[in-house]
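Residue -9 is where the sequence shown starts when you use our numbering, and the numbers rise one by one after that.
Glycine included, every Cβ here is placed at the ideal spot set by N, Cα and C.
In this text, all values refer to a predicted model and were calculated from it rather than measured experimentally.
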Amino acid sequence: MEPLVVVPGQIDVTVLPGRLVVCHAPTSNIPGAGWMVARTLLFNEERSCFNAVILDDEGCTMVMDEERAADAKRAGLGPFLSVADDRFWTAIHVQLGQSANDVPGLISHMAKALMRASISILHYSTYGTEIFLVQEKDYEEALACFKSEDLQRKLSALMRSRGTRDVPDAPEPHHVCPPSPGQEPAIRKYAPGDGSYSLAELDQSLFIVRLKREYFHDVAHTLLHLFLYDSQHYHAGLLQDDMAEASPVKAGSDGARTTDESMPDAVEMPNGEQSMPGGGQRRPEQDPMRFVVAYMESGDEITLYLDVDDLHLFPSEAIEICPTPWRGIKLLGRAFKFDETGVVSAMSKVSASDNVSILSLSTYRTTITMVEQSQVEDTLKTMSAYLEARVRRSEVPQVDMAQLRF
């Protein structure tokens, strides 16, 4: 379809072809699902409209086309991989122009419009764009939201209030650091105010990176290392574990996120060391290492979210780094189902007036929001006050930008 012009020269929306499926492998099951993780990372021969691999402390989330998801089931990966193949998703690609790039709050208005229409979304900030996934059944209504005069008027007004022209100011819009999706959330109706939610700051400093496609094959081994073997992220030795000992995934009755009733850390666990599959020790269960590493591909653009300590693994000529260090904030407390609305909204409750830029990654179980390193403390206070959530701070030192070379 032709791009839908939301704000002339600044905001274009395109519905990408194809049907997408969201899958998940818990950490203990990654050895059994390793073939599908590797295939999603390295073999996008069909060039699906959007695919993603997001590894965090709870496992691996994958977004793939429906044919690949069907291949996973035919290959007998059902015991290791939860495939929500009764929910098909459509990708909505939002391209922001150069002026729009500097205006926090634009994405928030879009997400708010979708939320008010009771449309559940998954949201992914890439190096140059924003990707919304909406369920196939909601596609037409979602498109109507973007076409609405009310939304277009609000976006234009927001740009004018920031001193931004509603006209093109660059021949090829380039969007490096996405603006904040900070909208009025609806999740509050799920928050009883009893401290059942917690916000965990990830134990790392993150950078958003564009991988140049011509170097893709040169770094394929590095990508496999990060997503399957990296000892820094407690995955060393996982593939040495007996696959037969990996715990099967129980299929959800409603095709939503298949997980425990409550998220890890919802209840304090007794202290104690636990052995890793490869020998060694890990942190007590109530204080696990919180991390994320992500790979996203859409068209010719490949985006990576990398720990600062992983940047050196890639040749400098192969990547473009947005020179802003980010900190991740993860919502814990319970599992969120695919039909729920307002999760992204709640995690983005930082008003545009606070001038806070936010990146977002939706996983199979929750949402991770990235904020600039210099603003994480104030952002945590704002978010925790709204959700009445406990805050779990990390002890990661601030990145010394003088020590980094871009």
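With DSSP run on the structure shown, which of helix, strand or coil describes residue 77? Along the sequence shown, one-based indexing puts residue 77 at 87. Correct three-state label for residue 77: coil.
Comparing C-alpha positions only, which one of 300, 191 and 351 sits nearest to residue 214? Translated into the one-based positions of the sequence shown, residue 214 becomes position 224. When only C-alpha atoms are compared, the closest one is 300.
Close beta carbons around residue -8, own chain, < 7 Å, minus the five adjacent residues each side: For this step, residue -8 is matched to residue 2 along the sequence shown. Same-chain partners within the cutoff: there are none.
Expressed to the nearest angstrom, what Euclidean distance is found between the alpha-carbon atoms of residue 347 and residue 64? Position 357 of the sequence shown, counted from the start, is the residue given in the question as residue 347. Position 74 of the sequence shown, counted from the start, is the residue given in the question as residue 64. Between the C-alpha atoms of residue 347 and residue 64 there is a straight-line separation of about 42 Å.
Are the beta-carbon atoms belonging to residue 312 and residue 206 less than 8 Å from one another? For the purposes of this step, residue 312 is identified with residue 322 of the sequence shown, where counting begins at 1. For the purposes of this step, residue 206 is identified with residue 216 of the sequence shown, where counting begins at 1. In this structure, residue 206 does not lie closer than 8 Å to residue 312 by Cβ.
Cross-strand partners of residue 85 (DSSP beta bridge): For this step, residue 85 is matched to residue 95 along the sequence shown. Residue 85 is bridged to 2 and 119.
Minimum Cβ-Cβ distance from residue 72 to chain B less than 8 Å: Of the protein chains in this structure there is only one, and it is not chain B.
Looking at the ligand HEM, does it come within less than 7 Å of residue 134, judged from the CB to the closest heavy atom? This structure does not include the ligand HEM; it has no bound ligands of any sort.
Do you know offhand how far residue 61's Cα is from residue 151's? Taking the sequence shown and counting its residues from 1, one reaches residue 61 at position 71. Taking the sequence shown and counting its residues from 1, one reaches residue 151 at position 161. Whole-angstrom Cα-Cα distance: 50 Å.
Output needed for residue 32: all residues of its chain with C-beta closer than 8 Å, excluding positions within five of it in sequence on either side, in chain order. By 1-based counting over the sequence shown, the position of residue 32 is 42. Around residue 32: 210, 213 and 214.
In the DSSP assignment, find the unbroken alpha helix (DSSP H) run with residue 104 in it and report its ends. Walking along the sequence shown from the start, residue 104 turns up at place 114. Where residue 104 is concerned, the enclosing alpha helix (DSSP H) stretches over 96 to 106.
Ordered along the chain, which non-local residues of its own chain (more than five positions away) have a Cβ less than 6 Å from that of residue 288? Here residue 288 is taken as the residue at index 298 of the sequence shown, counted from 1. Counting only Cβ-Cβ distances below 6 Å, and skipping sequence neighbours, we find 40.
For residue 46, name the three-state secondary structure that DSSP assigns. Mapped onto the sequence shown, residue 46 falls at position 56. Strand at residue 46.
So, for residue 131: in the same chain, excluding its five sequence neighbours on each side, which residues have a beta-carbon less than 7 Å away from its beta-carbon? The residue given as residue 131 occupies position 141 in the sequence shown. The answer, listed in chain order, is 107 and 109.
Is DSSP giving residue 214 helix, strand or coil here? Position 224 of the sequence shown, counting from 1, holds the residue named residue 214. In this structure, residue 214 counts as helix in the three-state DSSP scheme.
Name the residue from 378, 71, 96 and 297 whose alpha carbon lies nearest to the alpha carbon of residue 136. Reading the sequence shown from its first residue, position 146 is the one you call residue 136. Nearest of 378, 71, 96 and 297 to residue 136, Cα basis: 96.
Please report the straight-line C-alpha distance between residue 25 and residue 119, rounded to a whole angstrom. For the purposes of this step, residue 25 is taken as residue 35 along the sequence shown, with counting starting at 1. For the purposes of this step, residue 119 is taken as residue 129 along the sequence shown, with counting starting at 1. Residue 25 and residue 119: Cα-Cα distance of roughly 29 Å.
For residue 295, name the three-state secondary structure that DSSP assigns. Position 305 of the sequence shown, counted from the start, is the residue given in the question as residue 295. Note: residue 295 maps to strand in three-state DSSP.
Contacting residues, own chain, Cβ-Cβ under 7 Å from residue 116 (five flanking each side not counted): Position 126 of the sequence shown, counting from 1, holds the residue named residue 116. Within the same chain, residue 116 has close Cβ partners 286, 288, 291 and 293.
For residue 38 and residue 145, I'd like the C-alpha separation in whole angstroms. Sequence index remark: in the sequence shown, residue 38 carries index 48 (1-based). Sequence index remark: in the sequence shown, residue 145 carries index 155 (1-based). Cα-Cα distance, rounded: 30 Å.
Determine the direct distance from the alpha carbon of residue 324 to that of residue 140, and round the result to whole angstroms. If you number the sequence shown from 1, residue 140 lands on position 150. If you number the sequence shown from 1, residue 324 lands on position 334. For residue 140 and residue 324, the distance between alpha carbons rounds to 34 Å.
Inter-residue spacing [alpha-carbon to alpha-carbon] between residue 19 and residue 329: Taking the first residue of the sequence shown as 1, we reach residue 19 at position 29. Taking the first residue of the sequence shown as 1, we reach residue 329 at position 339. Cα to Cα, the separation comes out at about 25 Å.
Neighbour-count burial assignment, residue 368, 16 or more Cβ in a 10 Å radius: Along the sequence shown, one-based indexing puts residue 368 at 378. Exposed, by the Cβ-count rule.
Cα separation between residue 23 and residue 192? Here residue 23 refers to the residue found at position 33 of the sequence shown. Here residue 192 refers to the residue found at position 202 of the sequence shown. Cα-Cα distance, rounded: 25 Å.
Going by other Cβ atoms of all chains shown within 10 Å of its Cβ, with 16 needed for buried, is residue 113 buried or exposed? Here residue 113 refers to the residue found at position 123 of the sequence shown. Counting Cβ neighbours within 10 Å, residue 113 comes out buried, since at least 16 surround it.
Based on Cα-Cα distance, which residue from 353, 1 and 327 lies nearest to residue 142? Counting from 1 along the sequence shown, the entry for residue 142 is found at position 152. Checked all of 353, 1 and 327; the closest Cα to residue 142 is 1.
Quick check: what's the CA-CA separation for residue 147 versus residue 79? Walking along the sequence shown from the start, residue 147 turns up at place 157. Walking along the sequence shown from the start, residue 79 turns up at place 89. Straight-line Cα distance between these residues: approximately 31 Å.
Tell me whether the beta-carbon of residue 284 lies closer than 8 Å to the beta-carbon of residue 74. On the sequence shown, position 294 is the one that residue 284 refers to. On the sequence shown, position 84 is the one that residue 74 refers to. No, Cβ-Cβ distance for residue 284 and residue 74 is not below 8 Å.
With residue -6 and residue 123 assumed to form a contact (beta carbons below 8 Å), what rounded beta-carbon distance in angstroms separates them? Position 4 of the sequence shown, counted from the start, is the residue given in the question as residue -6. Position 133 of the sequence shown, counted from the start, is the residue given in the question as residue 123. Contact flag wrong, Cβ pair sits at about 17 Å.
Length of the line joining the Cα atoms of residue 87 and residue 93: In the sequence shown, counting from the first residue as 1, residue 87 sits at position 97. In the sequence shown, counting from the first residue as 1, residue 93 sits at position 103. Cα to Cα, residue 87 sits roughly 10 Å from residue 93.
Nearest residue (CA-CA) to residue 69, options 28, 44, 374 and 21: Numbered from 1 along the sequence shown, position 79 holds the residue referred to as residue 69. Nearest of 28, 44, 374 and 21 to residue 69, Cα basis: 21.
How would you write the range of the alpha helix (DSSP H) that residue 150 sits in, first residue to last? Numbered from 1 along the sequence shown, position 160 holds the residue referred to as residue 150. Start and end: 139 to 151.
Using the Cβ count rule (16 or more neighbours within 10 Å means buried), how would you classify residue 271? In the sequence shown, counting from the first residue as 1, residue 271 sits at position 281. Low confidence applies here, because residue 271 scores a pLDDT of 33, under 50, leaving its location unreliable and the question unanswered by this model.
When you compare each of 133, 47 and 34 to residue 55 by their alpha carbons, which one comes out closest? For this step, residue 55 is matched to residue 65 along the sequence shown. Here the closest residue by C-alpha is 34.
For the putative contact between residue 6 and residue 83, defined by C-beta atoms under 8 Å, what is the C-beta separation to the nearest angstrom? For this step, residue 6 is matched to residue 16 along the sequence shown. For this step, residue 83 is matched to residue 93 along the sequence shown. Distance from residue 6 to residue 83 at the Cβ level is roughly 5 Å; contact confirmed, criterion being Cβ atoms closer than 8 Å.
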